[in-house]
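In the numbering used here, the protein residues as written are 3 to 680.
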């Protein structure tokens, strides 16, 4: 039967959605395929329809049991023999799937990637005649993506073993993730790639700076009472408190996060699928695979992790094509938190830099001056006209020429060698009299006090927008100090102007007393990096983090920034054993590189004997070939030098007993001079 006939008779459609037909034809022809399609764009049809046209069984790898069960149910209702092998099956369901496979009647077999870890699965799939592999949510193969599933790495091996074509699908994958998908699933050989438009024109986009955020979310929900919605939060605790607040306001609401037991999560998923008008307040643990078509709104109570995560999360709204709305709240604390998450992660430097770039792209969307959809789709390589269907099209932003204050901020960073965060730079611009400014002589800078036209909260709004426009980026090598990007240089030199939003600057105000931070803002990124190192070492040793070093010790490291093992040894909580075990690792975090130190010298770190040891080493180096520099090279062992520093002999006879006559003859007089001065 032809694809067109099956499309009408089985799936009930007279025509394909835009972009579907080419993908279906490629998969039917047995070509390896990667399709990046917008959420709600009809990805599943692009492998379900070819599965019915082609001979044999199509195995579908999907990450979520709930989604698999929904698709199997939908296919069976359409008269298609489909089944799933999941941990949620009853014994009877599993037996029925096996019977259909053995009988040769099953057309689509769904399974989770974890099933591939079972030794006999590939052989079983070959035996039952699998002729095509379809991979849903293919971005899960990206090891540094927020949805990474380790067992997705087995799929490429399965494709080679079965020697069948593979069709991979995802709703969002930037260029870097696409490269990773091709490498991991297709052995680096490029498949046919279909990149469909990312626009979801039925979704209204809106952002707002946080100003009593709980009230903002409650107000947004109140205007949409009775509609199904999702509120994404950055922490588990907030999902619980915000869902309670929504219930108190008369909404039907529940929470969802990864810390709940499996039964409670399943209950929430079931309620959301079945109940009209339910609001789920959730972390990102909720969502991938949520296929409820009539979600009318999605709100973010906290800034998402990246522009890809934002796109995927808002994409859960309006899958039925009817109008849907979104609201994303953000503020400086969100930006700091997201930066900290990246900097505390264990990803390599180049991956952290890429993650900062993705966050910058999201900040650019949050701080956009014109049509949100243009900015969002521009990130995905499209160039649309203004949409007329976002908050900035509804009410254009009030903007102003911000070249002068931006140049002030850039100049303050440049004149302090780009070693400081926004807090200290704002103090300089305001002419604040802080100990830090006085100690570093920053009150003598030309930029000191030039920014008094704006108050502190307004300067924070300016810096926030500068980050959104990618003029500043935190430098991980300098533990989050703001460094100018190349984009900033023409503005600093007076070659380009820049426009910012005046309305968000004018509205900026102090948020009241803040929770006391463990360290000052300028030390926070280094403290995060030290904690990440501690966590890594603790996981390796299978011990609690505080066993390595307490928070108090790490705070002192972040504030004093020791540069040598001697300085590290003076930090409270760093004893000799811990210095020997961990000193070098933590110094590398602080300084970037650590000179190799002999273990004997390391044991003297932080003590007077260590300084004495270094002076004796220097004298020994000068006399290694004798007074005239022509003698045979001679040195003392590290243990002998350490013994001299500890015993501190006062005459040549004592030195001979420690060093021997030959070494005492060469080094004795000079060593005694050093010892007498000590």
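Glycine included, each C-beta is placed from N, C-alpha and C at the ideal position.
Just so we're clear, the structure is a prediction, and the values are computed from it rather than from any experiment.
Between residue 529 and residue 463, the alpha-carbon positions lie close to 25 Å from each other.
Distance from the Cα of residue 639 is smallest, within the candidate group 615, 227 and 51, for 615. Counted as a single uninterrupted DSSP element, the beta strand (DSSP E) harbouring residue 134 occupies residues 132 to 137.
Excluding the 5 residues flanking it on each side, residue 630 has no same chain C-beta neighbour closer than 6 Å. The C-beta separation of residue 127 from residue 158 comes to about 15 Å, leaving the pair out of contact by the 8 Å criterion.
Taken through DSSP and simplified to helix, strand or coil, residue 312 comes out as helix. Taking 8 Å as the cut-off, the beta carbon of residue 471 is found no closer than this to the beta carbon of residue 527.
In the three-state reduction of the DSSP assignment, residue 620 falls in the helix class, which pools H, G and I. Between the beta-carbon of residue 502 and that of residue 533 there is about 34 Å, and that puts the pair past the 8 Å contact cut. For the pair residue 258 and residue 282, the CB atoms are nearer than the 8 Å cut-off. With fewer than 16 other Cβ atoms from the protein chains shown falling within 10 Å of its own Cβ, residue 649 counts as exposed. Under the DSSP assignment, residue 182 falls in the alpha helix (DSSP H) whose first and last residues are 177 to 188. Shown here for residue 124: same chain residues with a beta carbon closer than 6 Å to its own, the five before and five after excluded, namely 160 and 163 in chain order.
In the structure shown, the three-state DSSP call for residue 418 is coil. One thing to note: residue 371 has its Cβ no nearer than 8 Å to the Cβ of residue 340.
In the DSSP assignment, residue 363 is bridged to no other residue. Exposed is the label assigned to residue 664, since fewer than 16 other Cβ atoms lie within 10 Å of its Cβ. Membership of residue 554 in the alpha helix (DSSP H) is indicated by the continuous run 553 to 562. Judged by DSSP in its simplified three-state form, residue 302 adopts strand. The shortest CA-to-CA distance from residue 613 to any of 676, 552 and 587 is the one to 676. Within the same chain, Cβ atoms closer than 7 Å to the Cβ of residue 641 are found at 602, the five residues on either side in sequence being excluded. The Cβ neighbour count for residue 620, taken over all protein chains shown within 10 Å, is under 16; the residue is labelled exposed.
In the three-state reduction of the DSSP assignment, residue 262 falls in the coil class. Per the coordinates, the alpha-carbon of residue 398 lies some 46 Å from the alpha-carbon of residue 263. For residue 163, the enclosing alpha helix (DSSP H) has its first and last residue at 157 to 164. Annotated three-state conformation of residue 154 is helix, per DSSP. For the pair of segments examined, the stretch 387 to 397 was found not to touch the stretch 563 to 579: the number of CB pairs separated by less than 8 Å stays below three. Only buried fits residue 64, as 16 or more other CB atoms lie within 10 angstroms of its CB. Residue 112 has 62 and 86 as its beta-bridge partners, per DSSP. In this structure residue 453 is buried. Its beta-carbon is surrounded by 16 or more other beta-carbon atoms within 10 angstroms. DSSP places residue 471 outside both helix and strand once states are collapsed to three, so it counts as coil. Within the model, the alpha-carbon separation for residue 23 versus residue 224 is close to 41 Å. Counting only the Cα atoms, residue 48 lies some 21 Å from residue 107. Our two residues, residue 136 and residue 488, have alpha carbons roughly 43 Å apart in a direct line.
The bridge partners DSSP lists for residue 233 are 283 and 301. In the displayed model, residue 278 falls within coil according to three-state DSSP, outside both helix and strand.
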